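A.B. asks:
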Amino acid sequence: MQQSHTPLFTGLLNHAKKDPIQFHIPGHKKGNGIDPEFRNFIGDNALSIDLINIGPLDDLHSPKGIIKQAQDLAAQAFGADYTFFSVQGTSGAIMTMVMAVCGPGDKIIVPRNVHKSVMSAIVFSGATPIFIHPEIDKNLGISHGITTESVEKALKQHPDAKGVLVINPTYFGISANLKRIVEIAHSYRVPVLVDEAHGVHIHFHDELPLSAMQAGADMAATSVHKLGGSMTQSSILNVKEGLISPHRVQSILSMMTTTSTSYLLLSSLDVARRRLATEGKELIEKAIQLANSIRGRINQIEHLSCIGNEILGTKATFDYDPTKLIISVKELGLTGYDVEKWLREKHNIEVELSDIYNILCIITPGDTKHEADILVHALQDLSDEMHRESDQAPKAEVLLPDIPVLALTPRDAFYANTEVVPFDQSAGRIIAEFIMVYPPGIPIFIPGEIITEENLSYIKKNLEVGLPVQGPEDPTLQNFRVIKEHKAIQ
99 MQQSHTPLFT
109 GLLNHAKKDP
119 IQFHIPGHKK
129 GNGIDPEFRN
139 FIGDNALSID
149 LINIGPLDDL
159 HSPKGIIKQA
169 QDLAAQAFGA
179 DYTFFSVQGT
189 SGAIMTMVMA
199 VCGPGDKIIV
209 PRNVHKSVMS
219 AIVFSGATPI
229 FIHPEIDKNL
239 GISHGITTES
249 VEKALKQHPD
259 AKGVLVINPT
269 YFGISANLKR
279 IVEIAHSYRV
289 PVLVDEAHGV
299 HIHFHDELPL
309 SAMQAGADMA
319 ATSVHKLGGS
329 MTQSSILNVK
339 EGLISPHRVQ
349 SILSMMTTTS
359 TSYLLLSSLD
369 VARRRLATEG
379 KELIEKAIQL
389 ANSIRGRINQ
399 IEHLSCIGNE
409 ILGTKATFDY
419 DPTKLIISVK
429 ELGLTGYDVE
439 KWLREKHNIE
449 VELSDIYNIL
459 CIITPGDTKH
469 EADILVHALQ
479 DLSDEMHRES
489 DQAPKAEVLL
499 PDIPVLALTP
509 RDAFYANTEV
519 VPFDQSAGRI
529 IAEFIMVYPP
539 GIPIFIPGEI
549 ITEENLSYIK
559 KNLEVGLPVQ
569 GPEDPTLQNF
579 RVIKEHKAIQ
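The sequence shown maps to residues 99 to 588 in our numbering.
1) Do G129 and L145 have their C-beta atoms closer together than 7 Å?
2) Mind reading off the beta-carbon distance from S524 to L565? Whole number of angstroms is fine, and I expect it under 8 Å.
3) Do the segment 273-286 and the segment 237-256 touch if we need at least three Cβ pairs shorter than 8 Å?
4) Do you know how far the Cα of I425 is from the Cα of K467?
5) To which residues of the same chain is L362 closer than 8 Å at the C-beta, ignoring the five residues directly before and after it?
6) In terms of residues, what are the limits of the beta strand (DSSP E) holding M197?
7) For the beta strand (DSSP E) that contains M534, what are its first and last residues?
8) Need the endpoints of the alpha helix (DSSP H) that V437 sits in, please.
9) Could you give the first and the last residue of the continuous alpha helix (DSSP H) run that contains T108?
10) Just verifying my parser: in three-state terms, what is the DSSP assignment at L506?
11) Look at H301 and F176 and say whether their C-beta atoms are less than 7 Å apart.
12) For F182, which residues does DSSP report across the bridge?
13) Whole angstroms are fine: how far does the CA of P227 sit from the CA of V208?
14) Closer than 6 Å by C-beta to G261: which residues in its own chain qualify, once you throw out the five before and the five after it? Chain order, please.
15) Which one or two residues does DSSP pair with I548 in a beta bridge?
16) How many Å lie between R579 and G546 at the Cα?
17) How long is the line joining the alpha carbons of Q588 and S241, rounded to whole angstroms?
18) Pick out whichever of N560, D117, A173, M534 has its Cα sitting closest to the Cα of Q312.
19) Looking at C-alpha atoms only, which residue of Y455, I192, I472 is the closest neighbour of D235?
20) With C-beta atoms as the reference, is A319 less than 7 Å away from M217?
21) Can you say whether G434 is buried or exposed, counting buried as having 16 or more other CB atoms within 10 angstroms of its CB?
22) When you compare each of Y269, E294, I244 to R278 by their alpha carbons, which one comes out closest?
23) Work out the CA separation of I392 and A315 for me, nearest whole Å.
24) Tell whether a beta-carbon distance below 7 Å holds between I165 and I123.
25) State buried or exposed for T415, treating a residue as buried only when at least 16 other CB atoms are found within 10 Å of its CB.
26) Closer than 6 Å by C-beta to I501: which residues in its own chain qualify, once you throw out the five before and the five after it? Chain order, please.
27) Answer with buried or exposed for M197, where buried requires no fewer than 16 other C-beta atoms within 10 angstroms of its C-beta.
28) Can you pull the DSSP bridge partners for K422?
29) Below 8 Å, how does it come out for the segment 376-388 and the segment 176-188: are there three or more Cβ pairs, yes or no?
30) So is M317 buried or exposed if we call it buried at 16+ other beta carbons inside 10 Å?
31) For a test of the three-state rule: what should DSSP assign to V221, helix, strand or coil?
32) Are the beta-carbon atoms belonging to V322 and S309 less than 7 Å from one another?
33) Where G40 and A295 are concerned, what is the direct C-alpha to C-alpha distance, given to the nearest angstrom?
34) What residue from P573, L458, A259, S352 has the CA that sits closest to G201's CA?
35) Can you tell me whether S360 is helix, strand or coil according to DSSP?
36) Pull up the distance between the alpha-carbon of N515 and that of T507, whole angstroms please.
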């Protein structure tokens with residue numbers, strides 16, 4: 099079968115053309131039983147393939163037909179031994195990766211700034227996280243990746259770890275030296291799991307960072323929907339055999355997946371793979387050129403800066419994805435949050451994210467010069483209208499305290515009895531909730547860690563300069579939820 103084929107999507111179309119009489123779910127029966135306004139908006143074609151795992155359409159939980167064929171083509175396209183489709187998003191794929199290698203008490207080496215799905219998997223599995231601080235960019239106020247040196251140090255201290263998890267590329271498009279990290283981990287016979295949520299496209303263009311499979315990683319959870327053209331919530335899990343059992347991966351992914359799998363999502367993965375495999379390089383080349391053009395134009399606007407190659411050269415910034423436009427707005431005297439709101443209200447523009455110093459815009463093959471011009475003109479208006487004196491600019495030094503001692507596994511902390519204590523009386527207690535500060539978006543506490551005076555002081559300093567603190571049950575931060583059974587350490 100060739101990459102131009104779409105066995106799953108074609109199978110669904112052929113089934114719909116037969117117009118079978120349906121005495122099975124979903125109950126809307128090709129749209130006949132759904133709200134008319136919604137049907138008119140969505141269209142009968144989409145509703146006709148909103149189906150379930152009846153015989154002719156295969157079953158994601160035990161694929162043997164058109165779903166297996168589609169997954170096999172995806173594996174070929176991404177350089178994997180096995181590819182599994184996920185309708186639970188990349189979060190479901192990430193949780194599967196962790197649970198495939200870790201059981202209760204097992205160690206896993208992870209960056210401190212992992213996605214919440216990693217922490218969910220650590221709770222589910224009962225694993226013990228061994229944290230590595232990512233490198234911090236003090237100018238931009240963002241986290242980059244982890245370094246080869248930090249991975250090697252962690253493995254020397256914990257050679258019994260069951261896995262090393264790497265975010266590659268980061269949300270902001272920055273890549274570490276993933277190939278070297280894989281080599282180091284494999285020298286300890288430890289598998290490498292990659293959160294590739296923001297890197298589905300990098301495999302298909304040689305000017306972009308190495309993909310997880312190209313770097314030799316053992317598993318990669320890859321968001322096809324984010325940058326690859328499939329529908330939201332659809333993702334894939336790529337696996338290389340050797341240190342990983344694909345049968346265990348399939349079993350765990352099945353446990354994490356609804357039995358009512360969406361064929362709209364699954365078929366969108368099939369057609370997105372076809373387009374990436376057959377046209378990806380040309381499409382991504384256009385996106386890169388458009389992004390670089392926008393970057394150059396933004397850098398001509400006073401008080402704005404769009405980051406490029408100059409970000410490279412540190413131990414944590416080995417490569418970067420130019421389709422991510424990191425636009426620093428701090429010289430305007432505004433926060434990224436201010437700019438996001440202004441662009442929404444004044445120009446009907448929605449950005450990917452904002453933080454205290456930046457906004458992030460993502461360029462894909464779905465963008466054209468038309469949208470690019472609108473963005474650049476809006477940013478020019480922003481600079482002309484909204485610039486404030488530099489002494490009004492947000493000022494906050496991005497530093498990190500030491501990682502607290504983990505007294506309980508996150509799983510044990512999650513299931514423990516808890517109580518609420520005042521912020522100023524919490525030192526020495528074991529935290530039962532997440533506390534994060536932006537920037538740089540790294541947890542100060544995770545459940546199971548001992549609260550220290552140093553970390554409390556760090557939180558106070560961030561509050562004083564106006565940085566958002568997220569996660570606690572009490573948004574005023576007057577109180578923390580802690581483990582009830584453990585008294586303060588004297």
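C-beta: ideal position from N, C-alpha, C; glycine also.
As the structure is a computational prediction, the values presented were derived from the model and not from experiment.
C.D. replies: Walking through what the data contain:
1) By one-based count along the sequence shown, residue 129 stands at place 31. By one-based count along the sequence shown, residue 145 stands at place 47. A distance below 7 Å separates the beta carbons of G129 and L145.
2) The sequence position of residue 524 within the sequence shown is 426, counting from 1. The sequence position of residue 565 within the sequence shown is 467, counting from 1. In fact, because the Cβ distance is near 20 Å, the residues do not count as touching under 8 Å.
3) yes
4) In the sequence shown, counting from the first residue as 1, residue 467 sits at position 369. In the sequence shown, counting from the first residue as 1, residue 425 sits at position 327. Distance between the alpha carbons of K467 and I425 is about 18 Å.
5) By 1-based counting over the sequence shown, the position of residue 362 is 264. Taken in chain order, the residues that qualify are A144, I147, D148, M329.
6) Sequence index remark: in the sequence shown, residue 197 carries index 99 (1-based). Element bounds for M197: not the beta strand (DSSP E) but the alpha helix (DSSP H), 187-199.
7) Locating residue 534 in the sequence shown gives position 436, where the first residue counts as 1. Note, M534: beta strand (DSSP E), 533-535.
8) Here residue 437 corresponds to residue number 339 of the sequence shown, with the count starting at 1. Here the alpha helix (DSSP H) through V437 covers 434-445.
9) Counting from one through the sequence shown, the residue named residue 108 turns up at place 10. Segment 105-115, the alpha helix (DSSP H) holding T108.
10) Mapped onto the sequence shown, residue 506 falls at position 408. DSSP, reduced to helix, strand and coil, places L506 outside both helices and strands of the structure shown, so it counts as coil.
11) Counting from one through the sequence shown, the residue named residue 301 turns up at place 203. Counting from one through the sequence shown, the residue named residue 176 turns up at place 78. Yes. Within cutoff.
12) Within the sequence shown, the letter at position 84 stands for residue 182. Under DSSP, F182 forms a beta bridge with L335.
13) Within the sequence shown, residue 208 is the residue found at index 110, counting from 1. Within the sequence shown, residue 227 is the residue found at index 129, counting from 1. Going by the C-alpha atoms only, they are around 7 Å apart.
14) Here the question's residue 261 lines up with position 163 in the sequence shown. Within the same chain, G261 has close Cβ partners V199, I206, P289, L291.
15) Here residue 548 is taken as the residue at index 450 of the sequence shown, counted from 1. According to DSSP, I548 bridges with I528.
16) The sequence position of residue 579 within the sequence shown is 481, counting from 1. The sequence position of residue 546 within the sequence shown is 448, counting from 1. Approximately 11 Å, taken between the alpha carbons.
17) Taking the first residue of the sequence shown as position 1, residue 588 is located at position 490. Taking the first residue of the sequence shown as position 1, residue 241 is located at position 143. Model confidence at Q588 stands at a pLDDT of 45, short of 50, so the residue's coordinates are unreliable and nothing is read from them.
18) In the sequence shown, the residue the question calls residue 312 occupies position 214. Here the closest residue by C-alpha is A173.
19) Sequence index remark: in the sequence shown, residue 235 carries index 137 (1-based). Out of Y455, I192, I472, Y455 has the C-alpha closest to the C-alpha of D235.
20) Here residue 319 refers to the residue found at position 221 when the sequence shown is read from its first residue. Here residue 217 refers to the residue found at position 119 when the sequence shown is read from its first residue. Result no, Cβ atoms of A319 and M217 do not sit closer than 7 Å.
21) To locate residue 434, count along the sequence shown from 1; it is residue 336. By the neighbour-count rule (16 or more Cβ atoms within 10 Å), G434 is buried.
22) Translated into the one-based positions of the sequence shown, residue 278 becomes position 180. Per the Cα distances, I244.
23) Working through the sequence shown from its first residue, we reach residue 315 at position 217. Working through the sequence shown from its first residue, we reach residue 392 at position 294. Between A315 and I392, the C-alpha separation is close to 33 Å.
24) As a position in the sequence shown, residue 165 is number 67, starting the count at 1. As a position in the sequence shown, residue 123 is number 25, starting the count at 1. No; because the gap between Cβ atoms is not below 7 Å, this pair is not in contact.
25) Translated into positions along the sequence shown, residue 415 becomes position 317. With 16 or more Cβ atoms within 10 Å of its Cβ, T415 is classed as buried.
26) Here residue 501 corresponds to residue number 403 of the sequence shown, with the count starting at 1. Counting only Cβ-Cβ distances below 6 Å, and skipping sequence neighbours, we find F229.
27) Taking the sequence shown and counting its residues from 1, the one referred to as residue 197 is at position 99. That one is buried.
28) For the purposes of this step, residue 422 is taken as residue 324 along the sequence shown, with counting starting at 1. According to DSSP, which records beta bridges pairwise, K422 is partnered with I460.
29) Judged by Cβ distances under 8 Å, the segment 376-388 makes no contact with the segment 176-188, as fewer than three pairs qualify.
30) Numbered from its first residue, the sequence shown carries residue 317 at position 219. Answer is buried; the Cβ neighbour count reaches 16.
31) Along the sequence shown, one-based indexing puts residue 221 at 123. Correct three-state label for V221: helix.
32) Here residue 322 refers to the residue found at position 224 when the sequence shown is read from its first residue. Here residue 309 refers to the residue found at position 211 when the sequence shown is read from its first residue. For V322 and S309, no; Cβs fall outside 7 Å.
33) The question about residue 40 has no answer, for the chain in this structure spans 99 to 588.
34) Along the sequence shown, one-based indexing puts residue 201 at 103. It is A259 whose Cα lies nearest to the Cα of G201.
35) Position 262 of the sequence shown, counted from the first residue, corresponds to residue 360. Coil, per DSSP.
36) On the sequence shown, position 417 is the one that residue 515 refers to. On the sequence shown, position 409 is the one that residue 507 refers to. Cα to Cα, N515 sits roughly 14 Å from T507.
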